[in-house]
Each structure stands twice: as C-alpha cells, then as structure tokens.
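Trainee:
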Amino acid sequence: MSLYPTFEELKVDGLMQAQNQALIDTQHNNPDAYTAIATYMGLDLNNFHYNEFGELVPGPPPSGPGVPVTSPQQVAVCASGTIATTNSSRGEIKHGVRRAVLCKDTMGKVGVQLVDVDNGVFVSFVRTGSPAAMAGLRFGDQILSICDRVLAGHSGSKAMELIRKGPDNNIEVLVRDRPFERTIVINKSSSGDLGVSIDDGLIKAIHKDSSAARNGLLTDHQIVEVDGQNVLGLKDKQLKELLQRCGGSVRLTVVPYSIYKHMIKR
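Pasting the structure below:
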C-alpha cells in the first residue's frame with residue numbers, strides 16, 4: 197500500500213489515477229478522443245530532450261555508452277509537487293500538478309476562460325487581478341479537475357459551467373503547469389542592464405558574464421511572465437519598458453520557444 201506524507205498528496209494521486217482511468221476508458225471507446233498525460237495540447241512531450249547545453253530540442257534523446265539521457269517523460273507525468281533539475285538553484289522547472297482554490301468575486305466571476313484542446317481543458321485567458329490570477333492560474337495551464345470532477349474529455353464550456361454552478365468559495369481545481377516552464381531571478385547590472393537581447397519576447401542572446409548567464413537563462417526561450425505578470429501579447433517596446441521599471445532583481449518565467457509556438461497556435 198502506498199504511503200503519502202499529506203492528505204493533499206493522497207488526494208492528488210487519487211485524482212490522477214481517475215484521470216488516467218478516464219483516458220483509458222475514453223481511448224477504448226474512441227482511440228483518438230484523448231491524448232495521454234505525457235502530451236500537452238496534442239504535442240508529444242516524449243519527442244523532446246535536453247541536449248548537453250541544457251536546451252530543450254525536438255527529437256528522441258541520444259543513446260549509447262556514456263551519453264546521459266534526459267527525457268521530459270521522466271518528469272512530465274509526475275502526479276504531484278514541483279520537480280527541479282540538477283540546476284534547481286539556477287531556475288525552477290515545473291512539470292507537476294498543484295492544487296488551487298478559487299473564490300468568486302462580487303459579480304460571481306473567477307476571471308478565467310477555459311477551452312478544450314484535444315479533449316483536455318486549458319486556461320485561455322486570466323483577467324488581471326481576478327480571483328483566478330490571485331490563485332496562480334496562467335495562460336496555458338491545464339485544468340485536470342474542478343471540485344473533484346475529472347475533466348478528461350469534457351468541453352471548455354462544460355468546465356466553465358462547473359465553475360458557474362460551484363460554490364462562491366472553495367472551488368478546488370487541480371492544475372497541471374505549463375511544461376518545461378522555468379522561473380529565474382536575474383539581477384540587473386549597475387547600469388540597469390539585464391544582460392539579454394530580446395526580440396518579441398524571445399531571448400535571442402545572453403551577454404557574457406551577466407547575471408542572466410550565471411543563473412542559467414537560455415536562448416530560444418519565450419518570456420511569458422515578468423515578476424508574475426503575464427506579458428504574452430505585449431509589444432517589444434512595452435515589454436522592454438516593463439523590464440526597465442522593475443527593481444534591481446527581475447523574476448522571469450520562460451518556456452522553450454517550441455512549446456510557446458504550440459501554445460499560441462492551439
């Protein structure tokens with residue numbers, strides 16, 4: 197019998213088992229109706245690996261004597277908690293499932309829009325300052341359950357209905373973080389420079405000996421949040437102005453560009 201340190205981990209494991217069983221049942225009735233948990237919006241996470249520079253690249257990992265294999269599958273299907281690589285001190289990488297509790301505002305809203313993609317339910321919009329934003333929901337997060345109701349195979353409108361019919365307080369949701377998301381704190385130089393070159397939010401270059409370089413920031417990653425604020429859709433000028441207004445330390449949340457492209461395409 198499995199042992200769990202907390203009740204929350206026991207509950208997460210039970211819901212993940214229900215999610216997996218729902219996948220099996222749905223695939224039995226319709227093999228194409230739902231993708232496995234090792235996929236994200238129809239993207240097979242097993243078709244990516246980290247190269248020797250720590251960058252996420254498409255294709256299967258190399259094999260052979262002495263070749264370290266780091267496959268996203270090893271971390272993408274974990275049932276709970278936050279998983280960090282060996283570079284955890286340089287940047288937190290999330291692949292786990294977390295619990296969030298939503299409360300409705302005075303208008304009876306939580307400030308989120310959900311859509312279905314490949315029979316999974318995902319966050320497509322979060323209103324700034326809303327209960328959903330304060331609970332930590334972000335664009336691209338997958339919602340696995342609402343009030344213990346597993347959402348495998350449900351439509352986005354059905355998921356929104358569950359929220360509307362839910363209680364005013366304590367709407368419990370299980371959230372699967374955006375895959376391969378990394379959060380890194382960077383210190384500005386004495387001149388206020390972050391040490392990165394950005395083009396439409398994409399990190400194109402990292403300056404030598406900068407805080408960005410020392411803390412493991414990588415090129416070909418898209419900036420999706422600055423100090424917890426969603427910056428998707430901002431013009432380059434707006435993003436740079438926001439970065440300039442930040443204090444001496446800036447917390448950047450980034451995802452590999454290949455994942456970002458897939459997110460906005462779907």
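So for the sequence shown, my numbering puts the first residue at 197; every next one is plus one. Just so you know, even glycine gets a beta-carbon here, dropped at the ideal spot from N, CA and C. The structure displayed is predicted, hence computed values, not measured ones.
1. Is it true that the CB of residue 346 sits closer than 8 angstroms to the CB of residue 237?
2. Can you tell me which residues form a DSSP beta bridge with residue 398?
3. Tell me, which residues are paired with residue 429 by DSSP?
4. Ignoring anything shorter than 4 residues or poking outside the region 297-344, list the alpha helix (DSSP H) runs there in chain order.
5. Quick one: what does DSSP say residue 459 is sitting in, helix, strand or coil?
6. How should residue 384 be labelled, buried or exposed, when 16 other C-beta atoms within 10 angstroms of its C-beta is the threshold for buried?
7. Exposed or buried, which one is residue 303 when buried takes at least 16 other CB atoms within 10 Å?
8. Check each candidate in 315, 326, 380, 319 and name the one with the smallest Cα separation from residue 301.
9. Under 7 angstroms Cβ to Cβ from residue 323, same chain only, skipping five residues before and after it: list those, please.
10. Of the residues 343, 375, 349, which one's Cα is nearest the Cα of residue 360?
11. Since residue 353 is in the alpha helix (DSSP H), which residue starts that stretch and which ends it?
12. With residue 378 as the anchor, note down where its beta strand (DSSP E) starts and where it stops.
13. Do the region 351-369 and the region 385-405 make contact, defined as three or more Cβ pairs closer than 8 angstroms?
14. I'd like to confirm the pairing. Which residues does DSSP put opposite residue 453 in its beta bridges?
15. May I ask you to verify whether the region 362-371 touches the region 401-416, counting CB pairs closer than 8 angstroms and requiring at least 3?
16. When we look at the beta-carbon of residue 297 and count the other beta-carbons within 10 Å, is it buried (16 or more) or exposed?
17. Given a cut-off of 8 angstroms, decide if residue 455 and residue 376 are closer than it, judged by their beta-carbon atoms.
18. With burial defined as no fewer than 16 other Cβ atoms inside 10 Å of the residue's Cβ, what is the status of residue 363: buried or exposed?
19. Closest by CA to residue 333, which one among 315, 448, 295, 394?
20. Since residue 418 and residue 450 should fall inside the 8 angstroms C-beta cutoff, what is the C-beta to C-beta distance between them, to a whole number of angstroms?
21. In three-state terms, what does DSSP make of residue 407?
22. Skipping 5 residues on each side, what residues in its chain have a beta carbon closer than 6 angstroms to that of residue 338?
23. Taking the C-alpha atoms as reference points, what is the distance between residue 420 and residue 299?
24. Between 341, 390, 340, 309, which lies nearest to residue 443 when the distance is taken from Cα to Cα?
Mentor: In brief:
1. Along the sequence shown, read from residue 1 onward, the residue named residue 237 stands at position 41. Along the sequence shown, read from residue 1 onward, the residue named residue 346 stands at position 150. Contact flag unset, no.
2. The count along the sequence shown starts at 1 and reaches residue 398 at position 202. In the DSSP output, where bridge partners are listed per residue, residue 398 has 395, 418.
3. Looking up residue 429 in the sequence shown gives position 233. Beta-bridge pairing links residue 429 to no other residue.
4. 327-330
5. The residue given as residue 459 occupies position 263 in the sequence shown. In the structure shown, residue 459 sits in a helix (DSSP, three-state: H, G or I).
6. If you number the sequence shown from 1, residue 384 lands on position 188. By the 10 Å Cβ count, residue 384 comes out buried.
7. Position 107 of the sequence shown, counted from the start, is the residue given in the question as residue 303. Residue 303 should be labelled exposed.
8. Against the sequence shown, residue 301 aligns to sequence position 105. With distances taken between Cα atoms, residue 301 lies closest to 326.
9. Position 127 of the sequence shown, counted from the first residue, corresponds to residue 323. Closer than 7 angstroms at the Cβ level, and outside the excluded window around residue 323, lie 307, 329.
10. Taking the first residue of the sequence shown as position 1, residue 360 is located at position 164. The option with the nearest alpha carbon to residue 360 is 343.
11. Along the sequence shown, one-based indexing puts residue 353 at 157. Residue 353 -> alpha helix (DSSP H) spans 352-360.
12. The residue labelled residue 378 in the question sits at position 182 within the sequence shown. Where residue 378 is concerned, the enclosing beta strand (DSSP E) stretches over 377-383.
13. no
14. Residue numbering aside, residue 453 sits at position 257 when the sequence shown is read from its first letter. Beta bridge pairing from DSSP links residue 453 with no other residue.
15. no
16. Residue 297 sits at position 101 when you count from the first residue of the sequence shown. Residue 297 comes out exposed.
17. Reading the sequence shown from its first residue, position 180 is the one you call residue 376. Reading the sequence shown from its first residue, position 259 is the one you call residue 455. For residue 376 and residue 455, yes; Cβs fall inside 8 angstroms.
18. On the sequence shown, position 167 is the one that residue 363 refers to. Residue 363 is exposed by the Cβ-count criterion.
19. In the sequence shown, residue 333 corresponds to position 137, counting from 1. The candidate whose alpha carbon is nearest that of residue 333 is 295.
20. The residue given as residue 418 occupies position 222 in the sequence shown. The residue given as residue 450 occupies position 254 in the sequence shown. About 6 angstroms; that satisfies the 8 angstroms criterion.
21. Stepping through the sequence shown from its first residue, residue 407 is reached at position 211. Correct three-state label for residue 407: helix.
22. Against the sequence shown, residue 338 aligns to sequence position 142. For residue 338, where only same-chain residues beyond five positions count, the Cβ hits under 6 angstroms are 316, 318, 372.
23. Mapped onto the sequence shown, residue 420 falls at position 224. Mapped onto the sequence shown, residue 299 falls at position 103. Distance between residue 420 and residue 299, taken at the CA atoms: about 25 angstroms.
24. Reading the sequence shown from its first residue, position 247 is the one you call residue 443. Selected option, being the one with the closest Cα: 390.
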